[in-house]
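Have a look at the structure below before the remarks.
Protein chains: 2
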Amino acid sequence: MFDVIKGDLEILEQGLQEAVTSTNELVTEVGMHLVTSGGKRIRPALCLLSARGGKAFDLPHVLPLAEALELIHTASLVHDDVIDEADTRRGAATANARWNNQVAILSGDYIFARAFALLAEAGYGDYVLKRLAELVCNLSVGEIIQDHAIYQASRGMADYFERIQKKTADFLEICCELGGLVGGMDREEAGKLAEYGHCIGMAFQITDDLLDIEQTTEKIGKPAGNDIRQGIVTLPVIRALETSPDAKELEAIVTDMEMTDEMVERALAIVKATDGVDFAKAKADEYLAHAKAVLPDSLPADIRESYEMVADFIGDRDF
Amino acid sequence: MFDVIKGDLEILEQGLQEAVTSTNELVTEVGMHLVTSGGKRIRPALCLLSARGGKAFDLPHVLPLAEALELIHTASLVHDDVIDEADTRRGAATANARWNNQVAILSGDYIFARAFALLAEAGYGDYVLKRLAELVCNLSVGEIIQDHAIYQASRGMADYFERIQKKTADFLEICCELGGLVGGMDREEAGKLAEYGHCIGMAFQITDDLLDIEQTTEKIGKPAGNDIRQGIVTLPVIRALETSPDAKELEAIVTDMEMTDEMVERALAIVKATDGVDFAKAKADEYLAHAKAVLPDSLPADIRESYEMVADFIGDRDF
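Read top to bottom, the protein sequences are chains L and U. Take the first sequence: its position 97, counting from 1, is numbered 97 in the UniProt record's numbering, and each next residue is one higher. Take the second sequence: its position 282, counting from 1, is numbered 282 in the UniProt record's numbering, and each next residue is one higher.
Structure, rendered in structure tokens:
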């Protein structure tokens, strides 16, 4: 999918490791553990693709941005793992599990700050910095909202879309937009890529949320209905709350903080009896179609092809 | 002490409250709680004083910088309180106690990011951003080092000075330097103020550490010898480890993770029998004398006077 930027991504790995290298051994050790434990590099990949679509592409110039995007994502996950008291992520020990909460919180702060230091050193100017600082604000607010919405099914569809935008779509939007700008695109072209990023982000999160309803435990490696169990209502559930004859029963279940396994099963059955899953799939497909349609004509063919493959990949929903 | 900038500091309060106002009620509530619970505003005060010493002083232009400095300090304290599981700070409930760790960690991230957003919006350019991003890196690394040095008395004097520089002096240095630059000073003038900030920061931390040895419980509101109890060795203890006939006994105590109250008392007695306290006081006075001497001749008289008063205030050590 990312053949065009395969070489770029290899150089990026080197850069990420350099970025977390500190004068202190422990800090370096934690940082290396975090940046080498299997991230998919979606964010830097989108950034690099966009930059390669610009007329002034220069790899050394765009790399610090691509690295900063991955570091911001990493720092945010490190803090999430402290909050969730998670032991593993992507099969590796979390920082809080391998060291402790102090090391994890401070390493997260360190990695956030390293990202901003890279951006300042590269001299991208205030717009890039402003967009990324606001992104971190929105990521934090988005998570506080998500926690707040737990067990409050009444929040409805508009709140759901706001939540997944803050959680996922804004970030992918910024990766595409800023990559384009730093690669020499004008605001209009970069704005189209931003829209592409927003749309695939929305589709990605809708699809990711769907897996929790659709898939078996074996396939996704965690119990199905996990979101419901945690009181997080996603699109198919919200649709079912609006259309199911059993909506009242469903609402009683998803707002019950003492939910049993049987109740989760029953909620899944109610949702599956509605068009909730198809509705969510159709929404995701709408976003993906729009993502492809909005790609600017000026894009080189190989870049456009990669972007289309990313959209198709998300549409396949089998990852 | 800060008469010259009294009016500026009142406007700053307003700005801090606006800076933490979000579209989300809970986020705003947490932010307001944090910025209105009694910070001494030392950092923005130093920044504003320096800016007023410059030939291009413009209050609206420097305020976002002063606010960002206080926000970075606030965010750092919020994360410290999560790490220390502290219930109160300055007499008010901590964010982790009043809400929970999730809210506290994410609010800290939010406030860090708001600080960088303010800086980017104000358009101070890359140097200011780079200095502040590196500051946050160093604050985090400094705390990780401090934790690491616990119960390892062998670390010695050079490590102590490095630790307090990262913990306190770098921050005050940056407040003075960047305030001066944004107020229109040239690099050389701002560099002298940076040195002033470094020196009062070192003196402040040495003095603060001294209180833990010298004062009674009633006066400082926490048990004397608290640092020793936590395995943190400060300057008088390090001096005693170098000069006391009872150095071996002292070392055994301060590296013992199961320290009793009697052992803490004995360690305090050993330290007080040496010139450790006087040695630390002399070091602090050296820094303060240098701080005053380095103030540039070009400073307006009222600004210079304020700076001298700050140094004298730290020298009085009775706060």
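C-beta: ideal position from N, C-alpha, C; glycine also.
Asked	Found
Going straight from the alpha carbon of Pro236 of chain U to that of Asp58 of chain L, what length do you get?	54 Å
Work out the CA separation of Asp212 of chain U and Asn226 of chain U for me, nearest whole Å.	6 Å
Distance check for Pro44 of chain L and Glu189 of chain L, CA to CA, integer angstroms please.	19 Å
What is the rounded straight-line gap between the Cα of Leu210 of chain U and the Cα of Thr168 of chain U?	15 Å
Quick one, which residues of the segment 120–137 of chain U are near chain L if we go by CB-CB under 7 Å, in chain order?	Ala120, Glu121, Gly123, Asp126, Leu129, Lys130, Ala133, Glu134, Val136 and Cys137
Could you name the residues of the same chain whose beta carbon sits closer than 7 Å to that of Ser253 of chain U, not counting the 5 residues immediately before and after it, in chain order?	Residue identity check: residue 253 of chain U is Ile in the sequence provided, not Ser. Correct list, in chain order: Met259, Met263, Arg266 and Ala267.
Return the residue from the list L:Leu12, L:Ala289, L:Ala115 and L:Asp126 that minimises the CA-CA distance to Ala120 of chain U.	L:Asp126
Would His79 of chain L and Gly108 of chain L qualify as a contact pair, given that the criterion is a beta-carbon distance under 7 Å?	yes
Are the beta-carbon atoms belonging to Ile270 of chain L and Met157 of chain L less than 7 Å from one another?	no
Classify Arg114 of chain L as helix, strand or coil using the three-state DSSP reduction.	helix
List the whole-angstrom C-beta distance separating Phe171 of chain U from Gly201 of chain U, where the pair is believed to meet the contact cut-off of C-beta under 8 Å.	7 Å
If I'm right that Met185 of chain U touches Gly53 of chain U with Cβ under 8 Å, what's the distance once you round it to whole angstroms?	7 Å
Looking only at C-alpha atoms, which of L:Gly197, L:Gln165 and L:Ile164 sits nearest to Leu178 of chain L?	L:Gly197
Would you kindly check if the distance between the Cβ of Leu46 of chain L and the Cβ of Ile111 of chain L is under 7 Å?	no
Please confirm if Asn24 of chain L has its CB atom under 7 Å from at least one CB of chain U.	yes
May I have a chain-ordered list of the alpha helix (DSSP H) segments no shorter than 4 residues that lie completely inside the segment 232–296 of chain L?	235–243, 247–254, 261–272 and 276–294
Could you tell me which of U:Ala240, U:Tyr287, U:Lys130 and U:Thr274 sits nearest to Thr207 of chain U, measuring between CA atoms?	U:Tyr287
Mind listing which residues of the segment 88–106 of chain L have their C-beta closer than 7 Å to chain U's C-betas, in chain order?	Asn101, Gln102, Val103, Ile105 and Leu106
For Ala56 of chain L, which of L:Thr274, L:Gly183, L:Ile228 and L:Ile83 has the nearest alpha-carbon?	L:Gly183
Going by DSSP, which residues form a beta bridge with Ala95 of chain L?	None; Ala95 of chain L has no bridge partner.
Give the interface partners of Val82 of chain L over in chain U, defined as CB-CB distance under 7 Å, in chain order.	Ile105
Could you give the DSSP three-state label for Arg89 of chain U: helix, strand or coil?	strand
Does the beta-carbon of Gly180 of chain L have 16 or more other beta-carbons within 10 angstroms, so that it is buried, or is it exposed?	buried
Tell me the DSSP secondary structure of Arg304 of chain U in three-state form.	helix
Give every residue of the same chain whose Cβ lies closer than 6 Å to the Cβ of Ser306 of chain U, excluding the five residues on either side of it in the sequence, and list them in chain order.	Val4 and Leu49
Which residues of chain U have a Cβ atom closer than 7 Å to the Cβ of Ile144 of chain L, listed in chain order?	Asn24, Leu26, Val27, Val103 and Leu106
Are Ala291 of chain L and Ala311 of chain L close, meaning C-beta to C-beta below 7 Å?	yes
Is the CB of Tyr110 of chain U under 7 Å away from at least one CB in chain L?	yes
I'd like to know if Ala19 of chain L contacts chain U, where contact means its C-beta is closer than 7 Å to some C-beta of that chain.	no
Rank L:Leu63, L:His61, L:Pro60 and L:Leu69 by C-alpha distance to the C-alpha of Ile42 of chain L and give the top, closest one.	L:Leu69
How far does the alpha helix (DSSP H) with Met157 of chain U in it reach, from first residue to last?	Gly156 to Ile164
Along the alpha helix (DSSP H) that carries Asp209 of chain L, what are the first and last residues, could you check?	Arg187 to Glu214
What did DSSP end up calling Asn24 of chain L once you bin it into helix, strand or coil?	coil
List in chain order: all unbroken alpha helix (DSSP H) runs of 4+ residues lying wholly within the segment 28–89 of chain L.	42–53 and 59–84
Within 7 Å of any Cβ in chain L, is that where the Cβ of Asp147 of chain U sits?	yes
Could you tell me which of L:Ala293, L:Pro245, L:Asp297 and L:Ser298 sits nearest to Ala273 of chain L, measuring between CA atoms?	L:Pro245
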